[in-house]
Amino acid sequence: NGSIIYDSRLMTRNQFCFMQNNNSEPVIPYICFEPEEDFKYALYPIGMLLSVPFLLITLFVYACIPELRNMHGKSLMCYVLGLTVGYTALSLVQMRLFAAETTPCVVAGYTLYFFFMVSFFWLNVMSFDIYWTF
1471 NGSIIYDSRL MTRNQFCFMQ NNNSEPVIPY ICFEPEEDFK YALYPIGMLL SVPFLLITLF
1531 VYACIPELRN MHGKSLMCYV LGLTVGYTAL SLVQMRLFAA ETTPCVVAGY TLYFFFMVSF
1591 FWLNVMSFDI YWTF
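Numbering (the working numbering), first residue to last: 1471 to 1604.
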């Protein structure tokens, strides 16, 4: 039926595969291990999505109050917007909503990369602004 016995365990067809290391060696069965599903990997995207509404509230407050729309406030708004989009895209990717190597997955990957770079550059601008002020 295509099964093999390894360490006194019966392995079905989908638990192993045959591979050849070099052209001269015989074909050897390799055991396919189940990917580990860790609880923290399910918790990370939920935590990031929980922070998104608070980032949006921060963005809304800074956009509505005129006293906060100075140079530092505008830098903070750009930083928060980059984090919001980056966290959202990363959460969607980590929840595996996109099949690997498909167009939506690639777009989400480039989106999260771009917006995390945006947020880190704006954090750099804010750090330089704080250094220059004090």
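Built from N, CA and C at the ideal position, the CB exists for glycine as well.
Item, Value
"What is the residue span of the beta strand (DSSP E) that Met1535 lies within?", "Met is not the amino acid found at residue 1535; the sequence shown has Ile there. Note, Ile1535: premise wrong, no beta strand (DSSP E); not H, not E."
"Grab the span of the beta strand (DSSP E) containing Leu1480 for me, first residue to last.", "1479-1481"
"Could you check where the alpha helix (DSSP H) with Pro1574 kicks off and where it finishes?", "1573-1603"
"To which residues does DSSP link Ile1474 through a beta bridge?", "Met1481"
"Which runs of the beta strand (DSSP E) at least 3 residues long sit entirely within the region 1489-1519? Give them in chain order.", "1498-1501"
"Give the DSSP-derived three-state secondary structure of Phe1568 in the structure shown.", "coil"
"Going along the chain, which residues of its own chain have a beta-carbon closer than 6 angstroms to the beta-carbon of Thr1528, five neighbours each way excluded?", "Val1550"
"For Thr1482, which residues of its own chain have a beta-carbon under 8 angstroms away from its beta-carbon, when the five flanking residues on both sides are left out?", "Gly1472, Ser1473"
"Output yes or no for whether 8 angstroms exceeds the beta carbon distance between Gln1564 and Pro1515.", "yes"
"Using the beta-carbon count (16 or more within 10 Å), is Phe1488 buried or exposed?", "exposed"
"Going by the beta-carbon positions, is the gap between Ile1498 and Asn1491 smaller than 8 angstroms?", "yes"
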